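Trainee: In my numbering, the protein residues as written are 1277 to 1565. Here a beta-carbon is modelled for each residue, glycine too, at the ideal position from N, C-alpha and C. Here the structure is a predicted model, which is why all the values come from computation and not from measurement.
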């Protein structure tokens, strides 16, 4: 751990030296999708001894439980919670005072616990800041500014569910990775609507000769081109709590947004019903796309 802390300190000092006057780098990811794969926790002698100790009082308070053993506090998720605390506490110690000479925002991204995935260490890394471990993680990492989500799915409903789960008073929505696919482009607007910190597309530098990659690049580029000129206005509106956003969603051809006494109805075209021809020319989708 001390070697990692020294390396991280040296990195932050170097970053300040080479970029402190330009601010090309605006965020620092401390770790990438931390957690254990292949086991839910350490079962060696040191791990067993630590697991036998009570849950730290501040962690028990964070999850709203009386202090006790890991099994008493977390039940069936005890092993995962134990590993999450160990992982988060380790990462917190990588940010010693010398590293704070360049106070950029810090985040850790998360390999998510997708629907149907139940087994930590097998279906997803055990110990990461998954939604069931989120309160524990935020308590154990006060130096980390926010937790990012790596959303590797084209399931639109799952996507917006995750964005909502991580948009909390103690954490802004921050999509640190999303699939390089045209289908993920609308998710940017859900992050905006949650007054999120950002939206990062993974693999933008992929094979330019791929038709799918060209379509994905065009979809995401169109969003950034649209929003770029008004980013300061959007940032201020989000800060003031005045920003809402909506994107087209299957089965929802119309949405209503409320701004105080005003209502804005957003329509994506007339929906189709059954197998009838489109009501409007060019509308090929039952959801009104």
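(1) For residue 1407, I'd like the list of residues in its chain whose CB is within less than 7 Å of its CB, leaving aside the five on either flank, ordered along the chain.
(2) If you compare alpha carbons, which of 1409, 1403, 1545 and 1539 is closest to residue 1313?
(3) Cα separation between residue 1381 and residue 1546?
(4) Please classify residue 1412 as buried or exposed, where buried requires at least 16 other C-beta atoms within 10 Å of its C-beta.
(5) Using only alpha-carbon positions, find the residue among 1541, 1520 and 1399 that is nearest to residue 1530.
(6) Check for me: the beta strand (DSSP E) holding residue 1426 runs from which residue to which?
(7) Does DSSP put residue 1545 in a helix, a strand or coil?
(8) Measure the C-alpha to C-alpha separation of residue 1427 and residue 1340 and round it to an integer number of angstroms.
(9) Quick check for students: name the residue ranges of the beta strand (DSSP E) that lie wholly in the region 1344–1375, counting only runs of 3 or more.
(10) Hey, how far is the Cα of residue 1377 from the Cα of residue 1286?
(11) Are the beta-carbon atoms of residue 1365 and residue 1396 separated by less than 9 Å?
(12) What is the residue span of the beta strand (DSSP E) that residue 1535 lies within?
(13) Please work out which residues of its chain come closer than 8 Å, Cβ to Cβ, to residue 1436, disregarding the five sequence neighbours upstream and downstream, and give them in chain order.
(14) Between which two residues does the beta strand (DSSP E) carrying residue 1499 extend?
(15) On the criterion of 16 or more Cβ atoms from any shown chain inside 10 Å, does residue 1543 qualify as buried, or is it exposed?
(16) Identify every residue that forms a DSSP beta bridge with residue 1226.
(17) Buried or exposed, going by whether 16 or more other CB atoms sit within 10 Å of the CB of residue 1454?
(18) Give me the DSSP bridge partner(s) of residue 1305.
(19) Could you have a look at residue 1378 and say whether DSSP puts it in helix, strand or coil?
(20) Hey, residue 1358 and residue 1371 are a contact pair by Cβ (cut 8 Å); roughly how many whole angstroms apart?
(21) Within this structure, are the beta carbons of residue 1452 and residue 1400 separated by less than 9 Å?
(22) When the Cα of residue 1433 is compared with those of 1291, 1415, 1391 and 1315, which residue comes out closest?
(23) Between 1288, 1488, 1338 and 1361, which has its C-alpha nearest residue 1310's C-alpha?
(24) May I ask you to verify whether the region 1474–1489 touches the region 1501–1511, counting CB pairs closer than 8 Å and requiring at least 3?
Mentor: Judging by the given coordinates:
(1) Apart from the 5 residues on each side of it in sequence, residue 1407 sits with its Cβ closer than 7 Å to the Cβ of 1389 and 1441 in its chain, given in chain order.
(2) The residue with the shortest Cα to Cα distance from residue 1313 is 1403.
(3) Each residue's alpha carbon lies about 44 Å from the other.
(4) With at least 16 other beta carbons inside 10 angstroms of its own, residue 1412 counts as buried.
(5) Nearest C-alpha to residue 1530: 1541.
(6) Where residue 1426 is concerned, the enclosing beta strand (DSSP E) stretches over 1422–1427.
(7) If DSSP states are grouped into helix, strand and coil, residue 1545 belongs with coil.
(8) The straight-line gap from Cα to Cα measures roughly 28 Å.
(9) Here no run is fully enclosed.
(10) A direct Cα-Cα distance of roughly 10 Å separates residue 1377 from residue 1286.
(11) For residue 1365 and residue 1396, no; Cβs fall outside 9 Å.
(12) Where residue 1535 is concerned, the enclosing beta strand (DSSP E) stretches over 1530–1535.
(13) The residues are 1463, 1466 and 1525.
(14) Not the beta strand (DSSP E): residue 1499 falls in the alpha helix (DSSP H), residues 1487–1503.
(15) Looking at its Cβ environment, which holds fewer than 16 other Cβ atoms inside 10 Å, residue 1543 is exposed.
(16) Absent from the structure is residue 1226, since the part of the chain shown begins at 1277 and ends at 1565.
(17) Classification for residue 1454: buried.
(18) The partner list for residue 1305 (beta bridge, DSSP) reads 1383.
(19) Coil at residue 1378, not helix or strand.
(20) About 22 Å; that fails the 8 Å criterion.
(21) Not in contact: residue 1452 and residue 1400 (Cβ atoms no closer than 9 Å).
(22) Taking only the C-alpha atoms, the option nearest residue 1433 is 1391.
(23) Of the listed residues, the one whose Cα sits closest to residue 1310 is 1361.
(24) Between the region 1474–1489 and the region 1501–1511 there are fewer than three inter-stretch CB-CB distances shorter than 8 Å, so the stretches are not counted as touching.
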